[in-house]
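All remarks here apply to the structure that follows.
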Amino acid sequence: MNDQASFRVVLVSGAICSGKSALVELLREKHDAMVIKTKDLIIRKLPKIKIERRSLQRAGEKLDTRPTRSINHRLISEVRSEKKHKAVKAAGADQLADFLRCWPDVDVETGLSLRGDELLVKAREAMIAAVHNFNSAGLNFRAEIFITTAMIAWTYLCHSWFKREGIIGRDNQAIITVNSRGSDRRKRYSVAHELGHWHHHRGKCLVCRVEEARPQTALSPERVADGYAADLLMPWYLFKPRVRQQPKFNFAAVTALADMFDTSLTATAIRLVESEPVPSLVVCHGRSGRRWFARSPSVQDRWFPRDTLDAESYAFDILFGTAKDDTQHHKIGADAWFDRWDAEKYELTEQSIRIRASEILTLLQITDTRMLD
Ligand SMILES: [Zn+2]
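Be aware that the sequence shown starts at 21, since it is given in the working numbering, and climbs by one per residue.
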């Protein structure tokens, strides 16, 4: 028999004095089992630990929740005991039921959201109906029925396309579609972004995601189009001298620059961080986590902001609590923003403002130059 094929892992778990040790001894004797104990693993990881039941349990929990800290029992218990975030109201039964009713809201077969992609769902169903009718027995006018239903499908598909922002072109002509409900600044940016696609990606087939989170890959078509829009609306030769006139690096400077260039706060904040008056990052979070971020050129890749807002951050209190926008930078431990083993050694400054009901924008200024080594 092949040794590798006969390899087995047996997990033994149970209450105290339930016979785990006796069972393990039998496995060792009769089947030559190699025994790995949780206790030994903890002691190997933490050699100075007190060999006592409660300490080992605590150490095990701690190791389980590190290094991502996606579940932080200390913070959860602080919320439970109302030591922190008392002002944040718990969701009511109706709100929770509403949330569960529409989640998940995606058809597993097609990946379409039954609410957000209603036009595409209708287009698909109309085309399925057209094919079904055409294949039905006993229909004499099935070609006409097919054509009529297929036209309904194509009409919904076209409506879905034109409802989305984007560009559609042929030869030297193109139509740019922007969301009419957006602000004038938003529309200017969308047109500039689509011109970026026209300039760089003409003749290629791609789906524009101008509304969605900024992709991290610099060469992705969306980042290229964003770069084109920023160069067009905030060219460096005009932007950098205005940055130098700003007394401080903060949201007051972002607002002043956005007013000068008639651009949105987010696009201006990204341009400001990339122009690097100080080493910094701009990070955007929604309630479900980080949406996008941008770094100054001198800030290395290892400084990657956490997926979810840390409860220690000021941004957390603004997004989930009743705190108002920060008017100035606050000092905070870098481990509140970065999930790295050495982050707790450094401090940086944070300033956060709410940009939508459920979206927050944060400027992080790297003040400790050791973070740039
Ligand atoms: Zn795009």
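Even for Gly, the Cβ is constructed at its ideal location relative to N, Cα and C. Here the structure is a predicted model, which means the values were calculated and not measured.
Rounded straight-line distance, which links the Cα of residue 71 to that of residue 360 = Here residue 360 refers to the residue found at position 340 when the sequence shown is read from its first residue. Here residue 71 refers to the residue found at position 51 when the sequence shown is read from its first residue. About 29 Å.
Apply the 10 Å Cβ neighbour rule to residue 161 and answer buried if 16 or more other Cβ atoms are within range, or exposed otherwise.
-> For the purposes of this step, residue 161 is identified with residue 141 of the sequence shown, where counting begins at 1. Counting Cβ neighbours within 10 Å, residue 161 comes out exposed, since fewer than 16 surround it.
Under the three-state reduction of DSSP, which class applies to residue 349: helix, strand or coil?
-> Numbered from 1 along the sequence shown, position 329 holds the residue referred to as residue 349. It is coil, neither helix nor strand.
Count the other CB atoms, across all protein chains shown, that sit within 10 Å of the CB of residue 382; report buried if there are 16 or more and exposed otherwise.
-> On the sequence shown, residue 382 is found 362 positions in, with the first residue counted as 1. The residue is buried, with at least 16 neighbouring Cβ atoms inside 10 Å.
Relative to ligand 1, is the shortest distance from any of its heavy atoms to the C-beta of residue 102 smaller than 7 Å?
-> Sequence index remark: in the sequence shown, residue 102 carries index 82 (1-based). For ligand 1, no non-hydrogen atom lies closer than 7 Å to the CB of residue 102.
Bridge-paired residues (DSSP) for residue 374 | On the sequence shown, position 354 is the one that residue 374 refers to. The partner list for residue 374 (beta bridge, DSSP) reads 380.
Where residue 105 sits in the DSSP three-state scheme | As a first step, residue 105 is located in the sequence shown; it is residue number 85 there, counting from the start. Coil.
Residue 384 to residue 336, Cα distance in whole Å?
-> Mapped onto the sequence shown, residue 384 falls at position 364. Mapped onto the sequence shown, residue 336 falls at position 316. When rounded, the distance between both Cα atoms is 14 Å.
Does the Cβ of residue 49 have 16 or more other Cβ atoms within 10 Å, making it buried, or fewer, making it exposed?
-> Translated into the one-based positions of the sequence shown, residue 49 becomes position 29. Burial check for residue 49: the Cβ neighbour count within 10 Å stays below 16, so the residue is exposed.
Round the Cβ separation of residue 277 and residue 262 to the nearest angstrom and send it over; I've been treating them as touching at under 8 Å.
-> Numbered from 1 along the sequence shown, position 257 holds the residue referred to as residue 277. Numbered from 1 along the sequence shown, position 242 holds the residue referred to as residue 262. Confirmed, about 6 Å.
Nearest residue (CA-CA) to residue 307, options 297, 253, 188 and 327 = Sequence index remark: in the sequence shown, residue 307 carries index 287 (1-based). Answer by Cα proximity: 327.
Going by the C-beta, is residue 289 closer than 7 Å to any heavy atom of ligand 1?
-> Translated into the one-based positions of the sequence shown, residue 289 becomes position 269. No.
Under the DSSP definition of a beta bridge, which residues are partnered with residue 302?
-> As a first step, residue 302 must be located in the sequence shown, where it is residue number 282. Answer is 314 and 383.
Assigned secondary structure, residue 367 (DSSP; H/G/I helix, E/B strand, else coil) = Stepping through the sequence shown from its first residue, residue 367 is reached at position 347. Residue state, collapsed to three classes: strand.
Residues bridged to residue 166 [DSSP beta-bridge criterion] = The count along the sequence shown starts at 1 and reaches residue 166 at position 146. For residue 166, which the question treats as bridged, DSSP gives no partner whatsoever.
Residue 28 to residue 51, Cα distance in whole Å?
-> As a working mapping, residue 28 is identified with position 8 in the sequence shown. As a working mapping, residue 51 is identified with position 31 in the sequence shown. Taking the straight line joining both Cα atoms gives about 11 Å.
Between which two residues does the beta strand (DSSP E) harbouring residue 197 extend?
-> On the sequence shown, residue 197 is found 177 positions in, with the first residue counted as 1. Residue 197 -> beta strand (DSSP E) spans 193-197.
Which of helix, strand or coil does DSSP assign to residue 325?
-> Here residue 325 is taken as the residue at index 305 of the sequence shown, counted from 1. Of the three classes helix, strand and coil, the one that applies to residue 325 here is strand, per DSSP.
In terms of residues, what are the limits of the beta strand (DSSP E) holding residue 187?
-> One-based indexing of the sequence shown puts residue 187 at position 167. Where residue 187 is concerned, the enclosing beta strand (DSSP E) stretches over 186-190.
Given a threshold of 16 other Cβ atoms within 10 Å of its Cβ, counted over all protein chains shown, does residue 171 qualify as buried or as exposed?
-> Within the sequence shown, residue 171 is the residue found at index 151, counting from 1. Label assigned to residue 171: exposed.
Comparing alpha-carbon positions, which option in 54, 313 and 137 lies nearest residue 287?
-> Numbered from 1 along the sequence shown, position 267 holds the residue referred to as residue 287. The residue with the shortest Cα to Cα distance from residue 287 is 313.
Going by beta carbon distance, what residues of the same chain come within less than 8 Å of residue 75, once the five residues before and after it are set aside?
-> By one-based count along the sequence shown, residue 75 stands at place 55. Excluding residues within five positions, the ones whose Cβ falls inside 8 Å are 69.
Where do the N-terminal and C-terminal ends of the alpha helix (DSSP H) with residue 333 fall, by residue?
-> Sequence index remark: in the sequence shown, residue 333 carries index 313 (1-based). It is not in any alpha helix (DSSP H) - residue 333 carries neither H nor E in the DSSP assignment.
Residue 245: CB within 7 Å of a non-hydrogen atom of ligand 1 = For the purposes of this step, residue 245 is taken as residue 225 along the sequence shown, with counting starting at 1. Result yes, Cβ under 7 Å from ligand 1.
Nearest-angstrom beta carbon gap, residue 376 and residue 345 [assumed within contact, 8 Å] | As a first step, residue 345 must be located in the sequence shown, where it is residue number 325. As a first step, residue 376 must be located in the sequence shown, where it is residue number 356. Actually they are not in contact, since the Cβ atoms of residue 345 and residue 376 sit about 13 Å apart, beyond 8 Å.
Within the same chain, show all residues whose beta-carbon is closer than 6 Å to that of residue 245, passing over the 5 residues directly before and after it, in chain order.
-> Within the sequence shown, residue 245 is the residue found at index 225, counting from 1. Cβ neighbours of residue 245 beyond the five flanking positions: 213, 216 and 217.
Taking 7 Å as the line, does the beta carbon of residue 220 fall inside it for any heavy atom of ligand 1?
-> For this step, residue 220 is matched to residue 200 along the sequence shown. Outside the cutoff, so no.
Run of the alpha helix (DSSP H) containing residue 67, from where it starts to where it stops = The residue labelled residue 67 in the question sits at position 47 within the sequence shown. No alpha helix (DSSP H) contains residue 67, which DSSP labels as neither H nor E.
How should residue 323 be labelled, buried or exposed, when 16 other C-beta atoms within 10 angstroms of its C-beta is the threshold for buried?
-> Counted from its first residue, the sequence shown places residue 323 at position 303. The residue in question, residue 323, is buried, as its Cβ has 16 or more Cβ neighbours within 10 Å.
Which residues in the same chain as residue 250 place their Cβ atom closer than 6 Å to its Cβ, once the five residues preceding and following it in sequence are excluded?
-> Taking the first residue of the sequence shown as 1, we reach residue 250 at position 230. For residue 250, same chain residues with a beta-carbon under 6 Å away, outside a window of 5 residues either side, are 291 in chain order.
Residues near residue 317 in its chain [Cβ-Cβ closer than 8 Å; skip 5 each side] | As a working note, residue 317 is residue 297 in the sequence shown. Excluding residues within five positions, the ones whose Cβ falls inside 8 Å are 294 and 296.
Residue 43 versus residue 62 - alpha carbon distance | Here residue 43 corresponds to residue number 23 of the sequence shown, with the count starting at 1. Here residue 62 corresponds to residue number 42 of the sequence shown, with the count starting at 1. Rounded to whole angstroms, residue 43 to residue 62 spans 22 Å at the Cα level.
Could you check the C-alpha separation between residue 106 and residue 56 for me, to the nearest Å?
-> As a position in the sequence shown, residue 106 is number 86, starting the count at 1. As a position in the sequence shown, residue 56 is number 36, starting the count at 1. Between residue 106 and residue 56, the C-alpha separation is close to 44 Å.
To which residues does DSSP link residue 18 through a beta bridge?
-> Outside the modelled stretch of the chain, which goes from 21 to 393, sits residue 18, for which no answer is possible.
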